[in-house]
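Just below is one structure, and these are the notes that go with it.
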Amino acid sequence: MPRIGQHNIQNRCKLCFLQEEMSIRERGSNPQIRFASSACDRNILKTIALGQMLSLCICGTAITSQYLAERCKVNTPMLQSFINYCLLFLIYTVMLAFQSGSDNLLYILKKKWWKYILLGLADVEANYLIVRAYQYTTLTSVQLLDCFGIPVLMALSWFILYARYRVIHFIAVAVCLLGVGTMVGADILAGREDNSGSDVLIGDILVLLGASLYAVSNVCEEYIVKKLSRQEFLGMVGLFGTIISGIQLLIVEYKDIAGIHWDWKIALLFVAFALCMFCLYSFMPLVIKVTSATSVNLGILTADLYSLFFGLFLFGYKFSGLYILSFTVIMVGFILYCSTPTRTAELAESSMPPVTSIGIDNLGLKLEENLQEAHSAVL
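Taken in order, the sequence shown gives residues 179 to 557; the numbers are from our numbering.
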């Protein structure tokens, strides 16, 4: 009897050893497991790269707008936005018109026309209010108060998209805002502070309203591109954005447009602005789909810094080492935010595994299933 018991123990030990060895081999041979951590790193790097691409698009719109205003004496922000919405209409709205079923333009208009009117109104007015605020308040106020949209966006994502944040996400946002504060301090020290604002209070209110409308537009964009389609969002924004901005254009900028002395340089600047804005609108849904609206807004905080760097050569800005520090701090906060995925409350409470904003949890489930299958095969 003792020999038989000892033999059984030895067999069990061998079985455990074989199970462990098979598990190790399975992990080494399964490409999903082998590259799980590297896939996570690649997603973060992709998010950073895409975010900075969007920042460069915003930088392009800022540089062309400033060049039009300072060198060409042309201040027509609504006309510039109108051209962008027309491009979206010609590309994406026309695409919807040729779709079939529930993706068709007429079907969407029949079911959700009033929702997209509100979305188009929010998007158009957000662009207009921020630009108009520069006439009343200072550059510093716009840069600081524009960040108000980030906590508004997080709050809307919490209640509308059921996003759930961790402590590290709030820390990351605080770090990014610290970077913005560093950038504003660099502007003041470099002499870029503009004290020509005619009514600071009105300007500050316009910035807060514009930032809040941006947050509303971004949350709607995230919901549509993740639940419906990118083409539907861009097509409907192009349709109603063209109508709303066209009407507003005739009301507020008719005299300014009539006074433009057109030449090839002004026309080229308008084309450059429209292309940058069109690329921004076209690529942002792609980035939001694989990340989130909040992470995108954190990533594009560097757009002002890119504009400053180009301004060193185009507008004679003074350089400050704080700009480099600001860029570094913002990027650290952005990477910190992207390093930990957010979760969705709806799915976390159900029997399904929680979905993250960068889609890593599903990969983890597959890895776990593969390990369980290997374990069953050994038994």
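Backbone N, C-alpha and C fix where the C-beta goes; we use that ideal spot for every residue, glycine too.
What does DSSP give as the partner residues of residue i in its beta bridges?
i	result
R342	R521
Helix, strand or coil, according to DSSP, for residue i in the structure here?
i	result
V351	helix
Y459	helix
E410	helix
T225	helix
F487	helix
Y245	helix
K404	helix
Q277	coil
F497	coil
I422	helix
Y392	helix
T472	helix
G437	coil
Q321	helix
K151	This structure does not reach residue 151, given that the chain is present from 179 up to 557, and the question cannot be answered.
Y515	helix
N262	helix
Y314	coil
Q184	Unreliable placement is indicated for Q184, whose pLDDT of 47 sits below 50; the coordinate value is still reported in the next sentence. Helix, per DSSP.
D377	coil
E431	coil
S201	Here the model assigns S201 a pLDDT of 48, short of 50, so the residue's position is not dependable and the matter cannot be decided.
N282	coil
Pull up the CB-CB distance for residue i and residue j, whole angstroms please, since I reckon it's below 8 Å.
i	j	result
F451	S243	6 Å
A300	V449	A300 to V449, Cβ: 27 Å. No contact.
G419	L266	7 Å
L490	L367	Contact flag wrong, Cβ pair sits at about 15 Å.
L476	V351	7 Å
S504	G357	5 Å
Y392	A304	4 Å
S517	I222	6 Å
G511	V345	Not quite, the Cβ-Cβ distance comes to about 14 Å (not below 8 Å), so this is no contact.
Is any heavy atom of the ligand HEM found at a distance shorter than 6 Å from the C-beta of residue i?
i	result
Q409	For the structure depicted, the ligand HEM is absent and the ligand set is empty, with no information on it obtainable.
Measuring CA to CA, which of the options is closest to residue i?
i	options	result
S485	N221, I222, S233 and G359	S233
E400	S470, C235 and L283	S470
Q230	C398, M509 and L274	M509
I513	H347, I383 and E303	H347
Q313	F461, C237 and I380	I380
A421	L283, I261 and S473	Checking the sequence shown, residue 421 turns out to be Ile, not Ala. I421 has its Cα closest to that of I261, out of L283, I261 and S473.
L453	Y263, I226, T472 and Y306	Y263
F488	I226, C235 and I222	C235
L479	T506, S498, S390 and V403	T506
S390	H439, I466, L297 and L446	L297
Item to check | Stretch-stretch touch, CB-based, cutoff 8 Å, three pairs: the segment 333-348 with the segment 507-526 | outcome: Contact holds between the segment 333-348 and the segment 507-526, because three or more Cβ pairs, one in each stretch, are under 8 Å apart.
Item to check | Contact the segment 409-417 vs the segment 265-280: 3+ CB pairs below 8 Å | outcome: yes
Checklist entry - Any chance the segment 325-338 sits against the segment 424-439, with 3 or more Cβ pairs inside 8 Å? => result No contact exists between the segment 325-338 and the segment 424-439.
Checklist entry - Between the segment 250-260 and the segment 428-435, do at least 3 Cβ pairs fall closer than 8 Å? => result yes
Next on the checklist: Check whether the segment 400-413 and the segment 453-465 are in contact - that is, three or more C-beta pairs closer than 8 Å.
Outcome noted: yes
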